[in-house]
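Taking UniProt numbering, I'd label the letters of the sequence shown as residues 1 to 163. Glycine is no exception: its CB is placed at the ideal position from the N, C-alpha and C atoms. Computed from a predicted structure; not experimentally measured. Shown next, in structure tokens, is the structure this report addresses.
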Amino acid sequence: RTIRWCKTSFKVNTRIISDIQNGKHIYIDRKTILAFVMKQEFIRTNRCDFSLGEEEFLEEHLAMALPVHTPYLKIFNSRIYEMHKVGLIQKWLVDYLPKRDKCWDAKLSGESNTHTVNMDDMQGSFFLLFLGVSLGIMLIIAEYLYHKWKTTQEKHVIQPYVS
């Protein structure tokens, strides 16, 4: 029996890269592979031409396939759990994934991190403020009217004189 290791190639066709740069295509793959592709393109062109979307639409968990009724399953599970617990897998990811460079912030978002806030951005906040103040004023008026109605009702009730 042999164990076969299949390493994914991070090379992407140059035609696909140019189509992505021209806005004709998008490229969907694992986030780690996309990071490697972006790093290779940065090394090749010395420009940050790509960014990764912030939203992930398919969370993929990696696992191992073992034969049915194998005695090694519990051992593998406990060892992998221990590696997670001590942070070894996280360390491997940090060591293996591309290092930070000047394109690091562009990988996470294609937009600038700074944004000037204007009235259009605050419109929802002002609407909620107006709604809260209006409801508060209406509640105070309703309490005042209820209290006034209650006192007028008590004046109409004849109460016996007790000495």
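Below 6 Å CB to CB, which residues in the same chain sit around Ser18 once its five sequence neighbours on both sides are set aside? By 1-based counting over the sequence shown, the position of residue 18 is 18. For Ser18, where only same-chain residues beyond five positions count, there are no Cβ hits under 6 Å.
Quick test of the definition: if touching needs 3 or more C-beta pairs under 8 Å, does the region 85-98 touch the region 61-69? no
Could you check whether His25 and Ile16 sit closer than 8 Å to each other, using their CB atoms as the reference points? Walking along the sequence shown from the start, residue 16 turns up at place 16. Walking along the sequence shown from the start, residue 25 turns up at place 25. Yes, the Cβ-Cβ distance between Ile16 and His25 is below 8 Å.
Which residues in the same chain as Asp49 place their Cβ atom closer than 7 Å to its Cβ, once the five residues preceding and following it in sequence are excluded? Counting from one through the sequence shown, the residue named residue 49 turns up at place 49. Hits under 7 Å: Gln21 and Glu41.
Apart from the five residues just before and just after Glu111, which ones in its own chain have a Cβ nearer than 6 Å to its Cβ? Numbered from 1 along the sequence shown, position 111 holds the residue referred to as residue 111. Note on Glu111: pLDDT 49, under 50, position unreliable in the model; the coordinate value appears next. Contacts found: none.
Can you list, in chain order, the residues of its chain whose CB lies under 8 Å from that of Tyr27, leaving out five sequence neighbours each side? Locating residue 27 in the sequence shown gives position 27, where the first residue counts as 1. Around Tyr27: Val12, Ile16, Ile20, Leu34 and Val37.
Given this structure, state the Cα-to-Cα distance separating Tyr161 from Ile140, to the nearest angstrom. Taking the sequence shown and counting its residues from 1, one reaches residue 161 at position 161. Taking the sequence shown and counting its residues from 1, one reaches residue 140 at position 140. Distance between the alpha carbons of Tyr161 and Ile140 is about 35 Å.
Can you give me the C-alpha to C-alpha distance between Phe76 and Leu58, rounded to a whole angstrom? Along the sequence shown, one-based indexing puts residue 76 at 76. Along the sequence shown, one-based indexing puts residue 58 at 58. Distance between the alpha carbons of Phe76 and Leu58 is about 26 Å.
Complete runs of the beta strand (DSSP E) confined to the region 74-155 [at least 3 residues]: none
Pairwise C-alpha distance: Phe127 and Asp121: For this step, residue 121 is matched to residue 121 along the sequence shown. For this step, residue 127 is matched to residue 127 along the sequence shown. Roughly 11 Å between the two C-alpha positions.
Gln159 by DSSP, collapsed to three states: which one? As a first step, residue 159 must be located in the sequence shown, where it is residue number 159. If DSSP states are grouped into helix, strand and coil, Gln159 belongs with coil.
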